[in-house]
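Chemist: Quick one: structure below, then a few questions.
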Amino acid sequence: MQINPTDDVDISFKNYVNTRQKSFATHMINGVPDYSFSLDFKLRQKINAAPGMFQFFKAVNKYLVPYMKQQYNLSCIAVGPNQYSDIYEMGQECARKLGIGVPQIFVQPDIAVLNAFTYASDDSAPIIVVTSELIERLTPGELKTVIGHECGHIHNNHGIYNAAGSVILNTATVGAIALIPGLQQVLKFVTTGVRWMFYSWIRAAEVTCDRAGAICSNCIEDVSRTDAKLGFGGAKSLEHINIEEYIKQIDQMMATPVRFLEMERTHPLTAKRILANKVFESCDVLYTWRPEWKMPDMNLISKEEADKRCESFISVLSKKKTID
């Protein structure tokens with residue numbers, strides 16, 4: 000009697016879903032993705048500890064996110080299977096990799112700005128917006144890294160904080176701010192300390208999402224190249240940038256008061272982002288997501304050690320050199 004070796008293999012959809020859910024569950028630690036930069040979560044906890052702050056965030060999201068979605072539906076091009084199909088597939092692949100719902104991606108006509116950003120809330124599906132100039136300047140692999148980065152914001156529940164931060168730091172549109180009752184009065188009581196805490200969190204969140212971009216990328220080298228291009232406008236000549244030499248530049252200012260100019264930046268200095276990427280390349284967590292990249296002779300460090308190293312130079316107050 001012939002025996003089919005596949006008879007005992009459960010190929011049901013239910014088994015597929017259960018297996019997939021278990022796979023993603025192994026990457027979550029107390030509700031936080033295992034690759035997340037620990038400083039990102041710590042600063043969010045500090046922000047949440049301020050009386051009434053989280054309730055304020057939810058109120059901002061309630062009005063801001065639907066308004067912005069309507070604006071982008073009106074002025075941008077929606078990506079889909081029959082329109083920008085390559086970008087649509089990138090979004091599909093990144094969402095599958097991280098285990099999140101597939102976001103709606105919009106292309107914003109803009110020939111002057113290299114940018115991508117995300118709007119997400121508990122009440123509606125997330126959207127990612129990429130500018131047309133970004134598509135022109137980046138390679139397909141680099142663009143996929145950017146989309147993976149934006150999916151990282153969704154995966155780490157950054158949406159509610161990003162929306163509130165855009166209001167507190169005056170980066171939201173005037174029309175959106177006018178929609179929120181009493182907001183102008185509330186903003187009068189926002190102290191410089193609260194603003195700086197938000198800036199600190201936003202910079203830490205970028206490190207988390209660069210890691211998500213790495214996990215979703217076609218190759219790890221795309222991550223640092225993408226950050227270099229975004230930091231300097233995506234110039235064609237930067238394809239051959241010497242990353243190591245560029246990182247050394249930043250050491251000239253690490254021990255001087257000039258470093259405090261970074262305190263009101265929404266992104267870490269490009270050299271710091273690139274170095275944080277290189278630290279993550281040596282982290283064992285990356286290779287639990289991308290085991291095909293792991294080589295037998297790799298000397299990997301723990302997630303805790305990677306976070307410790309990154310925090311030492313991502314912090315504006317640190318005088319530590321990026322390269323010892």
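In numbering that gives the first Met the number 0, the protein residues as written are 0 to 323.
Ideal Cβ placement from N, Cα and C applies to all residues, glycine included.
What you are looking at is a predicted structure, and each value in this text was computed from that prediction instead of being measured.
Mind listing, in chain order, the continuous beta strand (DSSP E) runs of no fewer than 3 residues lying wholly within the region 122 to 151?
Modeler: 123 to 130
Chemist: Under the assumption that Ile126 contacts Pro108 (Cβ atoms under 8 Å), give the Cβ distance between them as a whole number of angstroms.
Modeler: Along the sequence shown, read from residue 1 onward, the residue named residue 126 stands at position 127. Along the sequence shown, read from residue 1 onward, the residue named residue 108 stands at position 109. Contact flag wrong, Cβ pair sits at about 16 Å.
Chemist: Check the C-beta distance from Val112 over to Thr138 and give it rounded, since I have them as a contact under 8 Å.
Modeler: In the sequence shown, residue 112 corresponds to position 113, counting from 1. In the sequence shown, residue 138 corresponds to position 139, counting from 1. At roughly 18 Å, the Cβ-Cβ gap does not stay under 8 Å, so Val112 and Thr138 are not in contact.
Chemist: Heavy atom of the ligand MG less than 8 Å from the Cβ of Cys150, yes or no?
Modeler: Ligands in the displayed structure: none, and consequently the ligand MG is not present.
Chemist: Skipping 5 residues on each side, what residues in its chain have a beta carbon closer than 6 Å to that of Gly158?
Modeler: Reading the sequence shown from its first residue, position 159 is the one you call residue 158. Result list for Gly158: Ala119, Ser120, in chain order.
Chemist: What number of angstroms, rounded off, separates the C-alpha of Gln70 from the C-alpha of Glu141?
Modeler: Taking the first residue of the sequence shown as 1, we reach residue 70 at position 71. Taking the first residue of the sequence shown as 1, we reach residue 141 at position 142. Rounded to the nearest angstrom, the two C-alpha atoms are 27 Å apart.
Chemist: Assuming contact is defined by CB atoms lying nearer than 9 Å, are Val64 and Ile104 in contact in what I supplied?
Modeler: On the sequence shown, position 65 is the one that residue 64 refers to. On the sequence shown, position 105 is the one that residue 104 refers to. No, these two residues do not count as a Cβ contact at 9 Å.
Chemist: Would you mind working out which of Ile201, Asp33, Arg289, Arg194 sits nearest Ala49, comparing C-alpha positions?
Modeler: Sequence index remark: in the sequence shown, residue 49 carries index 50 (1-based). The residue among Ile201, Asp33, Arg289, Arg194 with its C-alpha nearest the C-alpha of Ala49 is Arg194.
Chemist: Can you tell me whether Val173 is buried or exposed, with buried defined as 16 or more other CB within 10 angstroms of its CB?
Modeler: Taking the first residue of the sequence shown as position 1, residue 173 is located at position 174. Per-residue confidence for Val173 stands at a pLDDT of 49, beneath the threshold of 50, marking its modelled position as unreliable; the derived number appears in the next sentence. Flag for Val173 reads exposed.
Chemist: What are the partner residues of Ala328, as DSSP defines its beta bridges?
Modeler: There is simply no residue 328 to check, as the chain begins at 0 and stops at 323 in what is shown.
Chemist: In this structure, does DSSP put Tyr62 in helix, strand or coil?
Modeler: Taking the sequence shown and counting its residues from 1, one reaches residue 62 at position 63. Collapsing the DSSP output to three states places Tyr62 in a helix.
Chemist: List the residues that DSSP assigns as beta-bridge partners of Val31.
Modeler: As a working note, residue 31 is residue 32 in the sequence shown. Ile28, per the DSSP bridge assignment.
Chemist: Just verifying my parser: in three-state terms, what is the DSSP assignment at Thr225?
Modeler: Within the sequence shown, numbered from 1, the residue matching residue 225 stands at position 226. If DSSP states are grouped into helix, strand and coil, Thr225 belongs with the helices.
Chemist: To the nearest angstrom, how far is the alpha carbon of Phe40 from that of Gly90?
Modeler: What you label residue 40 is simply residue 41 of the sequence shown in a count that begins at 1. What you label residue 90 is simply residue 91 of the sequence shown in a count that begins at 1. Each residue's alpha carbon lies about 25 Å from the other.
Chemist: Whether or not the region 141 to 157 and the region 211 to 224 are in contact is what I'm after, with contact meaning three or more pairs of Cβ atoms, one per stretch, closer than 8 Å; do they touch?
Modeler: Inter-segment contact for the region 211 to 224 and the region 141 to 157 is present: three or more beta-carbon pairs are separated by less than 8 Å.
Chemist: Just to check my reading of the structure: Phe56 and Ala211 have Cβ atoms closer than 8 Å, yes? What is that Cβ distance to the nearest angstrom?
Modeler: The residue you call residue 56 lines up with position 57 of the sequence shown. The residue you call residue 211 lines up with position 212 of the sequence shown. Not quite, the Cβ-Cβ distance comes to about 22 Å (not below 8 Å), so this is no contact.
Chemist: Which residue marks the beginning of the beta strand (DSSP E) containing Ala115, and which one marks its end?
Modeler: Stepping through the sequence shown from its first residue, residue 115 is reached at position 116. 115 to 120 is the span of the beta strand (DSSP E), which, as asked, contains Ala115.
Chemist: Can you tell me whether Met67 is buried or exposed? The criterion is at least 16 other CB atoms within 10 Å of its CB, across all chains shown.
Modeler: Numbered from 1 along the sequence shown, position 68 holds the residue referred to as residue 67. That one is buried.
Chemist: Could you check the C-alpha separation between Leu42 and Cys309 for me, to the nearest Å?
Modeler: To locate residue 42, count along the sequence shown from 1; it is residue 43. To locate residue 309, count along the sequence shown from 1; it is residue 310. Cα to Cα, Leu42 sits roughly 15 Å from Cys309.
Chemist: Closest by CA to Pro32, which one among Ala124, Glu132, Asn155?
Modeler: Here residue 32 refers to the residue found at position 33 when the sequence shown is read from its first residue. With distances taken between Cα atoms, Pro32 lies closest to Asn155.
Chemist: When the Cα atoms are used, what is the spatial distance from Asp283 to Ala24?
Modeler: Your numbering for residue 283 matches position 284 in the sequence shown. Your numbering for residue 24 matches position 25 in the sequence shown. C-alpha separation (whole angstroms): 17 Å.
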